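Per the UniProt record's numbering, the very first residue in the sequence shown carries number 1; after that it's consecutive. For every residue, glycine included, the Cβ atom is placed at its ideal position computed from N, Cα and C. Note that the structure is predicted; figures quoted are calculated from it, not measured. Accompanying notes for the structure given below.
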Amino acid sequence: MAAAVTAALMTTSAGAATALPTPAVKPVVAQPSLATLEKRVAGALAGDDTAGRTTRKTSLSASTNTATTVDPKIIGGSETTITSAPWMAQLWYYDDRGTADESDDIGFFCGGSVVTPTKILTAAHCVRDEHNKAYNWKANGAIVTGTAQLPTSDSAGNTDLHGGTVTGVLRQWNHPSYSPTAINNDIAVLTLGAPVRATPIRMTTSGNTASYAAGTSAKVYGWGRTSSTSQDISETLKTATLPINSDTACTNAYGADFVKGHMVCAGKPATGSDTGTTSACNGDSGGPLVVGGRIVGVVSWGVEDCVAKGAYSVFTKVTTYVGAAYAQIDDANLSYTDGKADLWVRDAKTKTGWEKDSKATSFAARISWGNWNGVNLVLQTDLNRDGIQDLVVRDSSTGNVYWMHYVISSGSWSQTKVFSDWKTRTRIVVPGDVTGDYLPDLLSVDSGGTLWIYPGKGNGTFAARVKVGTGWNQYNSLRGHGDFNGDGKADMLARTKSGTLYLYKGTGKSGTGAFSARVKVRTGWTGFDAFAAVGDFNGDGKADYFARTKSGTLYLYKGSGKATSEIFSTRVNLGTGYQAYDIWG
1 MAAAVTAALM
11 TTSAGAATAL
21 PTPAVKPVVA
31 QPSLATLEKR
41 VAGALAGDDT
51 AGRTTRKTSL
61 SASTNTATTV
71 DPKIIGGSET
81 TITSAPWMAQ
91 LWYYDDRGTA
101 DESDDIGFFC
111 GGSVVTPTKI
121 LTAAHCVRDE
131 HNKAYNWKAN
141 GAIVTGTAQL
151 PTSDSAGNTD
161 LHGGTVTGVL
171 RQWNHPSYSP
181 TAINNDIAVL
191 TLGAPVRATP
201 IRMTTSGNTA
211 SYAAGTSAKV
221 YGWGRTSSTS
231 QDISETLKTA
241 TLPINSDTAC
251 TNAYGADFVK
261 GHMVCAGKPA
271 TGSDTGTTSA
281 CNGDSGGPLV
291 VGGRIVGVVS
301 WGVEDCVAKG
311 AYSVFTKVTT
321 YVGAAYAQID
331 DANLSYTDGK
341 ADLWVRDAKT
351 KTGWEKDSKA
361 TSFAARISWG
371 NWNGVNLVLQ
381 TDLNRDGIQD
391 LVVRDSSTGN
401 VYWMHYVISS
411 GSWSQTKVFS
421 DWKTRTRIVV
431 PGDVTGDYLP
441 DLLSVDSGGT
451 LWIYPGKGNG
461 TFAARVKVGT
471 GWNQYNSLRG
481 HGDFNGDGKA
491 DMLARTKSGT
501 LYLYKGTGKS
511 GTGAFSARVK
521 VRTGWTGFDA
531 FAAVGDFNGD
541 GKADYFARTK
551 SGTLYLYKGS
561 GKATSEIFST
571 RVNLGTGYQA
581 YDIWG
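In structure tokens form, the structure reads like this:
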């Protein structure tokens, strides 16, 4: 597939009318060898550990107490195919601790869901241990996709993936408030070192209540235990249908251990044995609970052996965490490795492009991208969702707009013309996924002030444009990248000539309903003459904003996640001398 994509890009690039700048940097894209990844899978197959294992007491009913553990499996389900659930992922972790002694090895298995070609949604307890110390997935993890079968390993150490593909992990994120004691805020995202072919599944939306109504039919998927009397996990992917339960029912079963708003429980009360029980169980951790084709829950915890009378399976309530997780899903950055958004700028005199990598509240030493003469617009995005940041560039002389992206298979940058003669476009913005399909979009304002959405197809091309509305030339700045109000939808910030800053909250829809009514968030911003929005700069899961004063001082306005005048936390002074730059990514 990579070869085919490269060939197509070479064909389109050959017709480019102008010699555009070529980036002078290349992302360091290093995947572990297939042999290394298969060794990790084999080690995890032989392991008998439980991810994030922790034990605590809970009340299952008025008269029964039992130990509750991070012990999620599917009991009472049925086999299914990878065609029915192409987004399912197997998470294998093996750490030999660098010793010959096998007794200290750590090996376990979790489930997960492909939510973009390089992103896996899973549980935080698959990423952190019972002491809240992070497992090192980059050094010890392997992700298998594209198969309903678990791998097998023979005595010679050969691993059969049964048609699946194994991929390494580049970096990991878990919710910063994850508690291994309470198994609360139990959600995480793994970023893969290379995109996978698996068809992604989307998370549910922020504020969704219908999918959590008591009695709603949901499906859970996983390879976990199929019996309370055996520790063996299922060799084939299984699924089960579970009814969503009310918060009251969940609280009655688990008391204070069930955190309303953060968790959801599903299934009929367990019977006390495998017979008559349908439940998630060990090995299903991190897998999805699906309603209407979207993930509404992540397998989190349950009672030990999963069938205690009256027990339910407990899942992370995804609608609560969409905002935090979305920042990780849409987090391609110039440095590629750390999950913090970086800034691209061009020197007005020398025309040198510079990469300024994030250090959360400051920049690392800048990195030269070479000469960038001949362009008047550079925007940072990831149109093909490969986890490596792309650039949208406009040629100064022709007005043609190009997509520049790094092709992993060839180890080089490629450019494709995506729009012709856009000289008169007053604004071009790449805020991320506006239309709610997890594919990044592009927006532009024409000379008459009409705002258009160009829905992205996930491969650098766009569907037919859709009109949003008119009157957008009242703004002399229109910027956006990421989610400013914490609802998991891409937003934009617009400033009028009189200095009023408005937030346009994304709705996840297209056309005239793409944004909610604007919200005034700042006044008197006439002292700034340049802005940039590149996503989550400080790594807290909220989109941030840059503003430069006319005298050249640059401020970081850290996002607060609020759609009010408190949209930003206290600003951070990033220094002076920024009047030298005339293009801001």
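Using alpha carbons as the reference points, say which of ARG97, THR116 and TYR93 lies closest to LYS457.
Here residue 457 refers to the residue found at position 457 of the sequence shown. Measuring from the Cα of LYS457, the nearest candidate turns out to be THR116.
LYS489 versus GLY157 - alpha carbon distance
As a first step, residue 489 must be located in the sequence shown, where it is residue number 489. As a first step, residue 157 must be located in the sequence shown, where it is residue number 157. Computed Cα separation, rounded: 45 Å.
Is the Cβ-Cβ distance between LYS340 and ALA360 less than 8 Å?
Within the sequence shown, numbered from 1, the residue matching residue 340 stands at position 340. Within the sequence shown, numbered from 1, the residue matching residue 360 stands at position 360. Yes, the Cβ-Cβ distance between LYS340 and ALA360 is below 8 Å.
Beta bridge counterpart(s) of HIS405 as assigned by DSSP
Working through the sequence shown from its first residue, we reach residue 405 at position 405. In DSSP, HIS405 forms a bridge with SER414.
Suppose contacts are defined by Cβ-Cβ distances below 8 Å. Is LYS417 in contact with TYR402 by that definition?
Here residue 417 is taken as the residue at index 417 of the sequence shown, counted from 1. Here residue 402 is taken as the residue at index 402 of the sequence shown, counted from 1. Yes, the pair counts as a contact, with Cβ atoms nearer than the cut-off.
Hey, LEU503 and ALA563 are a contact pair by Cβ (cut 8 Å); roughly how many whole angstroms apart?
Numbered from its first residue, the sequence shown carries residue 503 at position 503. Numbered from its first residue, the sequence shown carries residue 563 at position 563. The C-beta distance from LEU503 to ALA563 rounds to 6 Å, short enough to meet the 8 Å contact threshold.
Helix, strand or coil, according to DSSP, for TYR438 in the structure here?
As a first step, residue 438 must be located in the sequence shown, where it is residue number 438. DSSP places TYR438 outside both helix and strand once states are collapsed to three, so it counts as coil.
Could you give the first and the last residue of the continuous alpha helix (DSSP H) run that contains ILE329?
For the purposes of this step, residue 329 is taken as residue 329 along the sequence shown, with counting starting at 1. Counting along the chain, the alpha helix (DSSP H) containing ILE329 begins and ends at 318-329.
Proximity test, PHE363 beta-carbon vs the ligand PLP heavy atom, cut-off 7 Å:
With respect to the ligand PLP, the structure shown offers nothing to examine, as it has no ligands at all.
Roughly how many whole angstroms lie between the Cα atoms of ASP342 and PRO243?
One-based indexing of the sequence shown puts residue 342 at position 342. One-based indexing of the sequence shown puts residue 243 at position 243. The straight-line gap from Cα to Cα measures roughly 44 Å.
According to DSSP, simplified to helix, strand and coil, what is ALA563?
Residue numbering aside, residue 563 sits at position 563 when the sequence shown is read from its first letter. In the structure shown, ALA563 sits in coil (DSSP, three-state: anything other than H, G, I, E or B).
Rounded to whole angstroms, what is the Cα-Cα separation between GLN31 and THR523?
Position 31 of the sequence shown, counted from the first residue, corresponds to residue 31. Position 523 of the sequence shown, counted from the first residue, corresponds to residue 523. In this structure, the alpha-carbon of GLN31 lies about 48 Å from that of THR523.
Rounded to a whole number of angstroms, what is the C-alpha to C-alpha distance between LEU478 and THR236?
Residue 478 sits at position 478 when you count from the first residue of the sequence shown. Residue 236 sits at position 236 when you count from the first residue of the sequence shown. Those two C-alpha atoms are separated by around 50 Å.
Tell me whether the beta-carbon of PHE109 lies closer than 8 Å to the beta-carbon of TRP137.
Here residue 109 corresponds to residue number 109 of the sequence shown, with the count starting at 1. Here residue 137 corresponds to residue number 137 of the sequence shown, with the count starting at 1. The answer is no: Cβ separation not under 8 Å.
Look at the alpha carbon of ALA542 and the alpha carbon of VAL322, and state the distance between them as a whole number of angstroms.
Walking along the sequence shown from the start, residue 542 turns up at place 542. Walking along the sequence shown from the start, residue 322 turns up at place 322. Sequence check: residue 542 is Lys here, not Ala. Take the alpha-carbon of LYS542 and the one of VAL322: they are about 11 Å apart.
Mind reading off the beta-carbon distance from ILE187 to ALA123? Whole number of angstroms is fine, and I expect it under 8 Å.
Position 187 of the sequence shown, counted from the first residue, corresponds to residue 187. Position 123 of the sequence shown, counted from the first residue, corresponds to residue 123. In this structure, ILE187 and ALA123 form a Cβ contact; the two beta carbons are roughly 7 Å apart against a cut-off of 8 Å.
Note down, in chain order, each residue of its chain lying with its Cβ closer than 6 Å to the Cβ of ARG202, except the 5 sequence neighbours on either side.
On the sequence shown, position 202 is the one that residue 202 refers to. The answer, listed in chain order, is ARG294 and TYR438.
Starting from VAL375, trace the alpha helix (DSSP H) both ways and give me its first and last residue.
In the sequence shown, the residue the question calls residue 375 occupies position 375. No alpha helix (DSSP H) holds VAL375; the beta strand (DSSP E) holding it covers 375-381.
Using the beta-carbon count (16 or more within 10 Å), is LYS57 buried or exposed?
Stepping through the sequence shown from its first residue, residue 57 is reached at position 57. In this prediction, LYS57 has a pLDDT of 25, which is less than 50 and means its spatial position is unreliable; what the coordinates show is noted afterwards. Classification for LYS57: exposed.
Please confirm whether ASP382 and PRO431 have their CB atoms less than 8 Å apart.
Mapped onto the sequence shown, residue 382 falls at position 382. Mapped onto the sequence shown, residue 431 falls at position 431. Cβ atoms of ASP382 and PRO431: not closer than 8 Å.
At what residue ranges does the stretch 85-152 contain a whole run of the beta strand (DSSP E), taking only runs of 3 or more?
If you keep only unbroken beta strand (DSSP E) runs of at least 3 residues inside the stretch 85-152, you get 88-95, 106-116, 119-122 and 141-145.
Shortest alpha-carbon distance to TYR178 belongs to which of SER246, VAL189 and SER551?
Residue numbering aside, residue 178 sits at position 178 when the sequence shown is read from its first letter. Looking at the Cα atoms, VAL189 is the closest of the given residues.
Count the other CB atoms, across all protein chains shown, that sit within 10 Å of the CB of HIS131; report buried if there are 16 or more and exposed otherwise.
The sequence position of residue 131 within the sequence shown is 131, counting from 1. So HIS131 counts as exposed.
Integer-rounded CB distance, given that THR337 should sit under 8 Å from ARG171
Start at 1 with the first residue of the sequence shown, and residue 171 comes out as number 171. Start at 1 with the first residue of the sequence shown, and residue 337 comes out as number 337. So it is a contact: roughly 6 Å between Cβ atoms.
Please identify the residue among SER447, SER414, ASN485 and LYS505 whose C-alpha is closest to the C-alpha of GLY460.
On the sequence shown, residue 460 is found 460 positions in, with the first residue counted as 1. Considering only alpha carbons, the answer is SER414.
For ALA210, which residues from the same chain have a beta carbon less than 8 Å from its beta carbon, with the 5 sequence-adjacent residues on both sides left out?
Here the question's residue 210 lines up with position 210 in the sequence shown. Excluding sequence neighbours, ALA210 sits near THR216.
Quick check on DSSP: helix, strand or coil for GLY255?
Reading the sequence shown from its first residue, position 255 is the one you call residue 255. The answer is helix: DSSP assigns GLY255 an H, G or I state.
Cα-Cα, which of LYS260, THR239, VAL259 and GLY267 is closest to ASN245?
Here residue 245 refers to the residue found at position 245 of the sequence shown. ASN245 has its Cα closest to that of GLY267, out of LYS260, THR239, VAL259 and GLY267.
Let me confirm a value: ASN333 is counted as buried when at least 16 other C-beta atoms fall within 10 Å, else exposed. Which label applies?
Against the sequence shown, residue 333 aligns to sequence position 333. Burial call: buried.
Close-in-space but distant-in-sequence residues of the same chain around ASP421 (CB under 8 Å, 5 per side omitted):
Counted from its first residue, the sequence shown places residue 421 at position 421. Taken in chain order, the residues that qualify are THR398, GLY399 and ASN400.
If I'm right that residue 588 touches LYS505 with Cβ under 8 Å, what's the distance once you round it to whole angstroms?
The requested residue 588 is not part of the displayed model; the chain covers only 1 to 585.
Compute the beta-carbon to beta-carbon distance between TYR581 and VAL345, rounded to the nearest angstrom, for a pair I have assumed lies under 8 Å.
One-based indexing of the sequence shown puts residue 581 at position 581. One-based indexing of the sequence shown puts residue 345 at position 345. 4 Å between Cβ atoms; contact.
Less than 7 Å between C-beta atoms, sequence neighbours within five positions excluded: which residues of the same chain meet that for THR426?
Stepping through the sequence shown from its first residue, residue 426 is reached at position 426. Closer than 7 Å at Cβ, skipping near neighbours: VAL445, SER447 and ASN473.
Could you compute how far the alpha carbon of THR64 sits from the alpha carbon of TYR454?
Here the question's residue 64 lines up with position 64 in the sequence shown. Here the question's residue 454 lines up with position 454 in the sequence shown. For THR64, the predicted structure reports a pLDDT of 24, less than 50, and the residue's modelled location is therefore unreliable. The matter cannot be settled from this model.
Of the residues GLY513, VAL378 and GLY374, which one's Cα is nearest the Cα of THR434?
Along the sequence shown, read from residue 1 onward, the residue named residue 434 stands at position 434. The sequence as given places Val at residue 434; Thr does not occur at that position. Looking at the Cα atoms, GLY513 is the closest of the given residues.
According to DSSP, is LYS356 part of a helix, a strand, or is it coil?
Locating residue 356 in the sequence shown gives position 356, counting from the first residue. The answer is strand: DSSP assigns LYS356 an E or B state.
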